[in-house]
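Taken in sequence, the protein lines are chains R and Z. Just so you know, the first sequence maps onto residues 640 to 949 in this note's numbering. Just so you know, the second sequence maps onto residues 640 to 949 in this note's numbering. C-beta: ideal position from N, C-alpha, C; glycine also. Everything numeric in this text was worked out from a predicted model, so none of it was measured. Only one structure is covered here, and it is reproduced in the block below.
2 protein chains.
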Amino acid sequence: MSSRKEILVFDNILSLRSWRKQFIKQDKQVAFVPTMGSLHEGHLSLVKQASQHCPIVAVSIFVNPAQFAPNEDLNEYPRTLSNDLELLHSLDCVDAVFLPKVEDIYPFGIPLDVEKQKGAFVEVKGKSHQMEGKSRPLFFRGVSTVLTKFFNIVQPNCVFFGQKDAQQCIVVRTLISDLHFPIEMHVGKTGREHDGLAMSSRNKYLTPDQRNYATTLFKGLSAIKNEFDQGEKNREILLNKGYELIENIAKEVRENNLGFELKLDYLSLVDPRTLEELQEIEEEKGAILSGSLYVGKTRIIDNLLLNCTL
Amino acid sequence: MSSRKEILVFDNILSLRSWRKQFIKQDKQVAFVPTMGSLHEGHLSLVKQASQHCPIVAVSIFVNPAQFAPNEDLNEYPRTLSNDLELLHSLDCVDAVFLPKVEDIYPFGIPLDVEKQKGAFVEVKGKSHQMEGKSRPLFFRGVSTVLTKFFNIVQPNCVFFGQKDAQQCIVVRTLISDLHFPIEMHVGKTGREHDGLAMSSRNKYLTPDQRNYATTLFKGLSAIKNEFDQGEKNREILLNKGYELIENIAKEVRENNLGFELKLDYLSLVDPRTLEELQEIEEEKGAILSGSLYVGKTRIIDNLLLNCTL
Numbered sequence: 640m641s642s643r644k645e646i647l648v649f650d651n652i653l654s655l656r657s658w659r660k661q662f663i664k665q666d667k668q669v670a671f672v673p674t675m676g677s678l679h680e681g682h683l684s685l686v687k688q689a690s691q692h693c694p695i696v697a698v699s700i701f702v703n704p705a706q707f708a709p710n711e712d713l714n715e716y717p718r719t720l721s722n723d724l725e726l727l728h729s730l731d732c733v734d735a736v737f738l739p740k741v742e743d744i745y746p747f748g749i750p751l752d753v754e755k756q757k758g759a760f761v762e763v764k765g766k767s768h769q770m771e772g773k774s775r776p777l778f779f780r781g782v783s784t785v786l787t788k789f790f791n792i793v794q795p796n797c798v799f800f801g802q803k804d805a806q807q808c809i810v811v812r813t814l815i816s817d818l819h820f821p822i823e824m825h826v827g828k829t830g831r832e833h834d835g836l837a838m839s840s841r842n843k844y845l846t847p848d849q850r851n852y853a854t855t856l857f858k859g860l861s862a863i864k865n866e867f868d869q870g871e872k873n874r875e876i877l878l879n880k881g882y883e884l885i886e887n888i889a890k891e892v893r894e895n896n897l898g899f900e901l902k903l904d905y906l907s908l909v910d911p912r913t914l915e916e917l918q919e920i921e922e923e924k925g926a927i928l929s930g931s932l933y934v935g936k937t938r939i940i941d942n943l944l945l946n947c948t949l
Numbered sequence: 640m641s642s643r644k645e646i647l648v649f650d651n652i653l654s655l656r657s658w659r660k661q662f663i664k665q666d667k668q669v670a671f672v673p674t675m676g677s678l679h680e681g682h683l684s685l686v687k688q689a690s691q692h693c694p695i696v697a698v699s700i701f702v703n704p705a706q707f708a709p710n711e712d713l714n715e716y717p718r719t720l721s722n723d724l725e726l727l728h729s730l731d732c733v734d735a736v737f738l739p740k741v742e743d744i745y746p747f748g749i750p751l752d753v754e755k756q757k758g759a760f761v762e763v764k765g766k767s768h769q770m771e772g773k774s775r776p777l778f779f780r781g782v783s784t785v786l787t788k789f790f791n792i793v794q795p796n797c798v799f800f801g802q803k804d805a806q807q808c809i810v811v812r813t814l815i816s817d818l819h820f821p822i823e824m825h826v827g828k829t830g831r832e833h834d835g836l837a838m839s840s841r842n843k844y845l846t847p848d849q850r851n852y853a854t855t856l857f858k859g860l861s862a863i864k865n866e867f868d869q870g871e872k873n874r875e876i877l878l879n880k881g882y883e884l885i886e887n888i889a890k891e892v893r894e895n896n897l898g899f900e901l902k903l904d905y906l907s908l909v910d911p912r913t914l915e916e917l918q919e920i921e922e923e924k925g926a927i928l929s930g931s932l933y934v935g936k937t938r939i940i941d942n943l944l945l946n947c948t949l
């Protein structure tokens, strides 16, 4: 039917490793895009970029238990494997999909209670405790651990991550350089819906009413960026623009009795190198402007880069 | 003068990496022996074993700050580089020595106060807190972190560790399997002096009187192993043999007013897979019998394997 590139699907480490080996001898570079599945245009765009950098492209789909807290949505997280494989196939540039089993990645099991965990864990100190890490204290430890394992299994030359998870990009960049992985990191732009909402697998949780108001965070961040672009560099003045706009929309939601609330988790304005909160933005250094908003029970995140890259 | 194999000495990561690369293309296996220098016969025996397994042998010499506690001997630790290089040269089987600088391995610095540390750290949970980890709580975190970095830099096919550091062997084996490093691990037997004292760089700290009594730990462990070999499997009965023997010698040292004391830190009898303390030894599972003794200010460690391997 289709003459598209065949995708090899590996559900175990040994077979993936032996597939990988041939490209070492052939001296062909391998790009790797780790995902949790439930793929959207943001992921697909990363995969396309990967294929422009390397002749071989591997994608993993693995909902990583270690990055969920006990109160989070590990069980509800959307799993849409056959659709994901179809989407990847349609791109006509993916060579392999890695679908490991939890017990292969965590042979000692992975209890959500951290005190009961056994085995090797990796953390990036100094960049994992603030911003997203404040709301999700073990999130980046889970991310760093699973990526260390995946990097050793896939042995990619390049890896691709989305700007949407800005702090994750910084943590992974530090992980790679500090643990001396021989890997080049690339960051792809945040994919957005027509109204600006950052694409996310968790957007599937939103009801139609919630979806209408889910752009609130992006609107707040955009208002702040607008001020910054006009020359304002002071934290308080900048963030207040966002707080006001978001609070006004949250009030509208409350007054309309829509059956859910908008609740801001945080807005953050940090140095892109140290992730320390900034009082004044220096033009040459720039800043990462980010935030998180609860839309009903769904927590969405977004960020804009002020004169910097990740 | 000598027609012995030339040793390439690398003091930076980039040049080591580019040396390493040729063997990937040539499909030649590389063995790696990480050391803290101050080499003795135990190290040399590991290096010889390494050369029997792989055509290429790399040795690192790096006193790793991350595995020393603030009260420990980081500054005093013996550094004997030119002698080390001579010894390695005399073996005629070493291809490369890696002498990284602290700032290359820890670009964020490595303050001994763990709260101030930044960057990526690795720990093996469940196997790092007992035995040596009880006396040295961050020791194995330091070991796991530096080895993860070294494994990514050297990319060895095989690594070699000494049985003398039994718990380290178990931790490293778990690190390798759990982080999925494509590395084969080998354990070499403990090198011993003519009187049984386990070889250690720290033996250099001992005065002649202390050296005479430093065999006390080995004697205690041997007495216990002797009971085990004769059929005794009960923890209390076995360990009491050791406690008694060591206490008798410690008493002798006190009575002779030698100006130092022998002080047992611990004796331990654990399951070789879980490192849990055992009440009864099961013949098929065996046990690791280990201990630590202060000889004056010098802390020595030793172990014997009861019907098991590492």
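Member of the options whose CA lies at the smallest distance from the CA of residue i
| i | options | result |
| --- | --- | --- |
| Z/Asp650 | Z/Ala735, Z/Ser690, Z/Cys693 | Z/Ala735 |
| Z/His819 | R/Glu919, R/Glu742, R/Leu726, R/Phe899 | R/Glu742 |
| R/His679 | R/Val793, R/Thr937, R/Ser839 | R/Ser839 |
| R/Leu720 | R/Phe737, R/Lys660, R/Cys732, R/Lys872 | R/Phe737 |
| Z/Ile749 | Z/Asn946, Z/Glu725, Z/Gln769, Z/Pro709 | Z/Pro709 |
| Z/Gln849 | Z/Phe778, Z/Asn896, Z/Leu878, Z/Lys924 | Z/Asn896 |
| Z/Ser861 | Z/Pro911, Z/Lys660, Z/Asn842, Z/Gly930 | Z/Gly930 |
| Z/Ile927 | Z/Lys936, Z/Glu886, Z/Leu878 | Z/Leu878 |
| Z/Leu777 | Z/Tyr933, Z/Arg938, Z/Glu711, Z/Ile646 | Z/Glu711 |
| R/Cys947 | R/Lys664, R/Asn722, R/Ser699, R/Val826 | R/Val826 |
Status (buried if at least 16 other CB within 10 Å, exposed otherwise) for residue i
| i | result |
| --- | --- |
| R/His833 | exposed |
| Z/Gln802 | buried |
| Z/Arg893 | exposed |
| Z/Arg775 | buried |
| Z/Gln756 | buried |
| R/Glu754 | exposed |
| Z/Asp868 | exposed |
| Z/Ile920 | buried |
| R/Pro694 | exposed |
| Z/Ile940 | buried |
| Z/Glu771 | buried |
| R/Thr855 | buried |
| R/Gln691 | exposed |
| R/Gly830 | buried |
| Z/Asp666 | exposed |
Residue-chain proximity (residue i, chain Z), Cβ-Cβ < 8 Å
| i | result |
| --- | --- |
| R/Glu830 | Sequence check: residue 830 of chain R is Gly here, not Glu. It does not: the Cβ of R/Gly830 has no partner Cβ on chain Z nearer than 8 Å. |
| R/Val798 | no |
| R/Gly758 | yes |
| R/Phe778 | no |
| R/Ile663 | yes |
| R/Arg912 | no |
| R/Pro795 | no |
Minimum Cβ-Cβ distance from residue i to chain R less than 8 Å
| i | result |
| --- | --- |
| Z/Phe671 | no |
| Z/Asp817 | yes |
| Z/Ile792 | yes |
| Z/Thr813 | yes |
| Z/Ile927 | no |
| Z/Gly765 | yes |
| Z/Phe820 | yes |
| Z/Val761 | yes |
| Z/Arg841 | no |
| Z/Ile652 | yes |
| Z/Ser783 | yes |
| Z/Lys740 | no |
| Z/Arg656 | yes |
Own chain, CB closer than 8 Å to residue i, minus 5 neighbours either side, in chain order
| i | result |
| --- | --- |
| Z/Leu814 | Val761, Val763, Ser783, Leu786, Thr787, Phe820 |
| R/Asp637 | Here chain R has residues from 640 to 949 only, and residue 637 of chain R is not among them. |
| Z/Ile876 | Glu866 |
| R/Phe747 | Gln756, Lys757, Gly758 |
| Z/Tyr882 | Gly859, Leu903, Leu906 |
| R/Val909 | Gln769, Met770, Glu915, Glu916, Leu917, Ala926, Ile927, Ser929 |
Close-in-space but distant-in-sequence residues of the same chain around residue i (CB under 6 Å, 5 per side omitted)
| i | result |
| --- | --- |
| R/Phe671 | Ala697, Val793, Pro795, Val798 |
| R/Met824 | Val798, Arg812, Ile815 |
| Z/Lys843 | Pro717 |
Closer than 9 Å at the beta carbon, the chain A residues around residue i
| i | result |
| --- | --- |
| Z/Lys788 | This model lacks chain A altogether; the protein chains it does include are R and Z. |
Contact set for residue i: own chain, Cβ-Cβ below 7 Å, skip 5 residues either direction
| i | result |
| --- | --- |
| Z/Leu683 | Leu726, Leu730 |
ask   = Going along the chain, which unbroken runs of the alpha helix (DSSP H) with 4 or more residues stay wholly within the stretch 753-804 of chain R?
value = If only complete runs of 4 or more residues are kept, the stretch 753-804 of chain R shows the alpha helix (DSSP H) at 771-774, 778-793, in order along the chain.
inquiry  = If we require 3 or more residues per run, which beta strand (DSSP E) segments fall completely within the stretch 662-728 of chain Z?
reply    = Entirely contained in the stretch 662-728 of chain Z, the beta strand (DSSP E) runs reaching 3 residues are, in chain order, 669-674, 695-700.
ask   = Which runs of the alpha helix (DSSP H) spanning at least 4 residues fall entirely within the stretch 806-869 of chain R, listed in chain order?
value = Runs of the alpha helix (DSSP H) inside the stretch 806-869 of chain R: 847-852, 855-868.
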